[in-house]
Amino acid sequence: MKQSSPAQALALEASLIDVRSPKEYDHSHIPGAINIPILDDYSHHEVGIVYRQMGKEAAIAKGLELTTPILGDIYQRFAQIPGRLVLYCARGGMRSQSIAHVLTGFGRDVHLIEGGYKAYREYVLRRMVDEIRCRTFVVLQGHTGVGKTHILQALAEQGYGVLDLEGLAHHAGSVFGHIAFLEEQPSQKQFENELFEALLQLPRVVLLERESRKIGKLYLPNVLLEAIKQAKHILLRTSLTRRVATILEDYHPEWQARKPELKEAIDHLKGRLSNNEITRLKDQIDQGAFEPVIRYLMEHYYDPLYQKSVKSQENDYLLSITFDNREDAIEQIKQLINHLS
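The following block contains the structure:
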């Protein structure tokens, strides 16, 4: 059994095993880790109570009492994973150390993350600053429906560095943003973990969409917000008709199946739209008339909101592209990125 720093452990060719309880793992974990809990949620809660009431030694004894009967089952789960293992628990304590001793006794090559998940989180927050500051960010801007996500996806498929913040956040960054994703948003910690892992895979020049401080319930790290403010910006423009068509293409299947959620999102616009407007839009949703709903929201909600947010930046774009064909915009962006690289 060997102790390794988070950086050393993650650099190893090994299977990464999180031995914390399922609840702890579900809240946040190291991306790519497999959960093989030493204590289930109830047992972990029980040990925690003993620790608070009777101290560390009593908690260790309680943990051993709970894990001894199931140790064989736990070992069998590990036996199904070949090769080197990297284990971690909350702080690198008894949960990871106890099973590591057992596995080492059976000849397994086991590494522990020194300090556990807590040390990994400290490593992520520290290293994220460096990973962001050493990169050049190019931000795509434009009205809702201009096709920023489609353009970024096409560039990513062609090998360009793209940071998909909305994909990591499972939210499209608007009052309707959650409807585009079937998964719930991750916790703030898990979002940061996934963001850090994504950054490690990216080249020096990185493309992304302009985002506000919050994407749904999640906050962007301050260092990334500052990098976006200092980034090079590209303005994209296309016709309202084409923008409406893009939104229909992106959302229509989900909207047909999720009308109640869409109407609930419309209700969140009270105070920005009149009660009569909200009632009319909800009636159109019930009828499946999504095109006029999208057009109205663009003209009377999204476009004014966007113009207000970028008013101070009107003359501060590295490149401005007006297009009818999305491929033309992609080619112009590629030329710029190739030059910056």
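Letter by letter, the sequence shown follows residues 8 to 348 in this note's numbering. C-beta: ideal position from N, C-alpha, C; glycine also.
Kindly indicate which residue of Q208, E201, E72 has the alpha-carbon position closest to the one of K225. It is Leu, not Lys, that sits at residue 225 in the sequence shown. Cα-wise, what sits closest to L225 is E201.
* Asked: Looking only at its own chain, which residues have a Cβ that is under 8 Å from the Cβ of I37, when we skip the five neighbours before and after it?
  -> If we look at I37 and ignore the five residues flanking it on each side, its Cβ neighbours are L17, L23, D25, Y95, Y124, Y127, N200.
If I measure Cβ to Cβ from S35 and keep anything under 7 Å in the same chain, skipping five residues before and after, which residues do I get?
Cβ-Cβ distances below 7 Å link S35 to S194, K196, Q197, N200 in the same chain, with the five nearest sequence neighbours on each side left out; the list follows chain order.
### Query
Between A86 and R27, which are expected to be in contact by the criterion C-beta below 8 Å, what is the C-beta distance as a whole number of angstroms?
The distance from the Cβ of A86 to that of R27 is about 20 Å, inconsistent with a contact at the 8 Å cut-off.
Is the Cβ-Cβ distance between I285 and D293 less than 8 Å? For I285 and D293, no; Cβs fall outside 8 Å.
| query | Considering only residues of the same chain and omitting the five flanking positions on each side of Y313, which have a CB-CB separation below 6 Å? | reply | Taken in chain order, the residues that qualify are H150.
**Item:** Simplified DSSP assignment, three categories, for N332
**Value:** In the structure shown, N332 sits in coil (DSSP, three-state: anything other than H, G, I, E or B).
inquiry  = Determine whether the beta carbon atoms of L172 and L215 lie at a separation below 8 Å.
reply    = For the pair L172 and L215, the CB atoms are nearer than the 8 Å cut-off.
Inset, instruction - Please determine if the stretch 50-60 and the stretch 144-159 are in contact, where contact requires at least 3 C-beta pairs separated by less than 8 Å. - result: Taking 8 Å as the limit for Cβ pairs, the verdict is that the stretch 144-159 does not touch the stretch 50-60.
Requested in this report: Kindly list the residues whose CB is nearer than 7 Å to the CB of L231, restricted to its own chain and excluding five residues on each side of it in sequence; keep chain order.
Outcome: In chain order, I139 place their CB closer than 7 Å to the CB of L231, counting only its own chain and leaving out the 5 sequence neighbours on each side.
- prompt: Starting from D47 and walking both ways along the beta strand (DSSP E), at which residues does that stretch end?
  reply: First-last for D47: undefined, no H or E at that position.
Cβ pair L343, M305 closer than 8 Å
With contacts defined as CB atoms closer than 8 Å, L343 and M305 fail to qualify as a contacting pair.
| What runs of the beta strand (DSSP E), each 3 residues or longer, lie entirely inside the stretch 83-148? | Whole beta strand (DSSP E) segments, 3+ residues: 92-95, 117-120, 143-148.
Ignoring anything shorter than 3 residues, give me the beta strand (DSSP E) runs that lie fully in the stretch 229-294, in order along the chain. As far as the stretch 229-294 is concerned, its whole beta strand (DSSP E) runs of at least 3 residues are 239-244.
Which term fits R217, buried or exposed, when burial requires 16 or more other beta carbons within 10 angstroms of its beta carbon? Classification for R217: buried.
Check your understanding: What is the C-beta distance between I328 and I254, in whole angstroms, given that I count them as a contact (C-beta under 8 Å)?
Key -> With a Cβ gap of about 19 Å, I328 and I254 do not count as contacting.
Exercise. Less than 8 Å separating the beta-carbons of V93 and L19?
Worked result: In this structure, L19 lies closer than 8 Å to V93 by Cβ.
*Could you give the distance in angstroms between the alpha-carbon of E298 and the alpha-carbon of D116?*
Straight across, the Cα-Cα distance linking E298 with D116 is about 59 Å.
query: Between the C-alpha atoms of G122 and G99, what's the straight-line distance to the nearest angstrom?
result: Rounded to the nearest angstrom, the gap between the Cα atoms of G122 and G99 is 5 Å.
- Item | R287 to L276 span [Cα, whole Å] | Near 13 Å, if we compare the C-alpha coordinates of L276 and R287.
Which residue wins for smallest C-alpha separation from H178, given the options E190, L347, M135, D310? That would be E190, whose Cα lies nearest to the Cα of H178.
DSSP beta-bridge partners for M226? One point to set straight first is that residue 226 is Tyr, not Met, in the sequence displayed. Listed as beta-bridge partners of Y226 by DSSP are K221.
In whole angstroms, give me the CA-to-CA distance for E338 and L162. Near 9 Å, if we compare the C-alpha coordinates of L162 and E338.
Residue from V169, I106, Q165, G79 whose Cα sits closest to the Cα of K9:
Ranking V169, I106, Q165, G79 by Cα distance to K9 puts I106 first.
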